[in-house]
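In what follows, a structure is listed as C-alpha cells, so that the remarks can point back to it.
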Amino acid sequence: MRDEAPRAVTAICRALEEQIEHGLLSSGSKLPAERKLSELFDTTRITLREALGQLEAQGLIYREERRGWFVSPPRLAYNPLVRSHFHAMVGEQRRQPATEVLSARLQPASAAICDLLELPALSSVIQIRRARRIDGRLVLYVEHYLNPVYFPGILDFDLTRSLTELYASEYDIYYGRVRFDMVPTALQVEAAAALKVAVGGPALRITRINRDQHGRLIDCDLEYWRHDAIHVSVEVPE
Numbered sequence: 078m079r080d081e082a083p084r085a086v087t088a089i090c091r092a093l094e095e096q097i098e099h100g101l102l103s104s105g106s107k108l109p110a111e112r113k114l115s116e117l118f119d120t121t122r123i124t125l126r127e128a129l130g131q132l133e134a135q136g137l138i139y140r141e142e143r144r145g146w147f148v149s150p151p152r153l154a155y156n157p158l159v160r161s162h163f164h165a166m167v168g169e170q171r172r173q174p175a176t177e178v179l180s181a182r183l184q185p186a187s188a189a190i191c192d193l194l195e196l197p198a199l200s201s202v203i204q205i206r207r208a209r210r211i212d213g214r215l216v217l218y219v220e221h222y223l224n225p226v227y228f229p230g231i232l233d234f235d236l237t238r239s240l241t242e243l244y245a246s247e248y249d250i251y252y253g254r255v256r257f258d259m260v261p262t263a264l265q266v267e268a269a270a271a272l273k274v275a276v277g278g279p280a281l282r283i284t285r286i287n288r289d290q291h292g293r294l295i296d297c298d299l300e301y302w303r304h305d306a307i308h309v310s311v312e313v314p315e
C-alpha cells in the first residue's frame, strides 16, 4: 500500500510528459480540471496534485490562481552579456512582448535601495513597478528604482515603453557597466499578486545595478521571473 501513491504519481507524470512531448498537449493549452484528471487517472486529488507539482517544478506546466493548469511555453533565452531590453529580447526570439505599469511614483528609498544605489540616508527614489508578458502570459514582475537626479520629469512619459530607449532619447543616458546578481527565491506578496500565482511560489530573482556611460550609478532593477519562463545562457567571448 505504501508504494501505491509514489507509483501513481510517477505514472501520471509520465503520461502527461508523453502527451506534452508528442504535442498532444500543446504549448499554452489548458489542462482539464483537477476533478476530471483525478477521474481519468483513477486517483485521489492529493496524489494528482503531487504529480502536477512535480511537473511544475520541472517547468513543464504552470498554474495560475483561479484559472487552472497550463502547458508551459518554451523558455526565453536570457543572456546578461547582450546589451538589450525586454521588448527587443523577446521580439528577437519571435515572441510577443507586453508591459503593464502597476505604479510609478517618487518615494523614500528603503535602506536596501540606498545601499544598492549608494545613496545617503533619507534619500528619495523613483519607483516604477511593472508586469511583463510573453505571448500573453505573465512571466516577469520588476521593480525599477531610479536616482531622480538624473531623470527629471520621467513620470510624465509612457512607462510601458523600454526605459533603455527612454533614457537614450530623452536624457542622452546610455547603460555602461552593469552588475547582475541571480538567486532562486520564493515569490513575496506583491510579485505573486502581479504574476497571479500563489505566494511562496518558485522564482528567479535577478538584481541589476546599472551605471551610465559616465560611470554614474543611475538605477537598479529587481526582477522576479517565473522559474519556468527563462533559461540563462551565456557565451563568454575570447
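Numbering-wise, the sequence shown is residues 78 to 315 according to this note's numbering.
Cβ coordinates follow ideal geometry from the N, Cα and C atoms, glycine included.
Report yes if the CB atom of residue i is closer than 9 Å to the CB atom of residue j, and no otherwise.
i    : j    : result
Y252 : N224 : no
P150 : I211 : yes
E111 : L102 : no
A275 : E142 : yes
H162 : S246 : no
L196 : R303 : no
Per DSSP, what kind of secondary structure is residue i in: helix, strand or coil?
i    : result
Q135 : coil
G292 : coil
G130 : helix
D212 : coil
P83  : helix
L264 : coil
V159 : coil
D258 : strand
What do you get for residue i, buried or exposed, if any count of 16 or more other CB atoms within 10 angstroms of its CB means buried?
i    : result
E315 : exposed
D233 : exposed
D298 : buried
P174 : buried
R300 : The sequence shown places Glu at residue 300, not Arg. E300 comes out buried.
T120 : buried
A198 : exposed
V148 : buried
H221 : buried
Which whole-angstrom value is the C-beta distance of residue i and residue j, which I expect to be below 8 Å?
i    : j    : result
L108 : L114 : 7 Å
Would you call the segment 81-91 and the segment 112-132 in contact, with 3 or more CB pairs under 8 Å? yes
Is the number of C-beta pairs between the segment 256-266 and the segment 201-209 that are closer than 8 Å three or more? no
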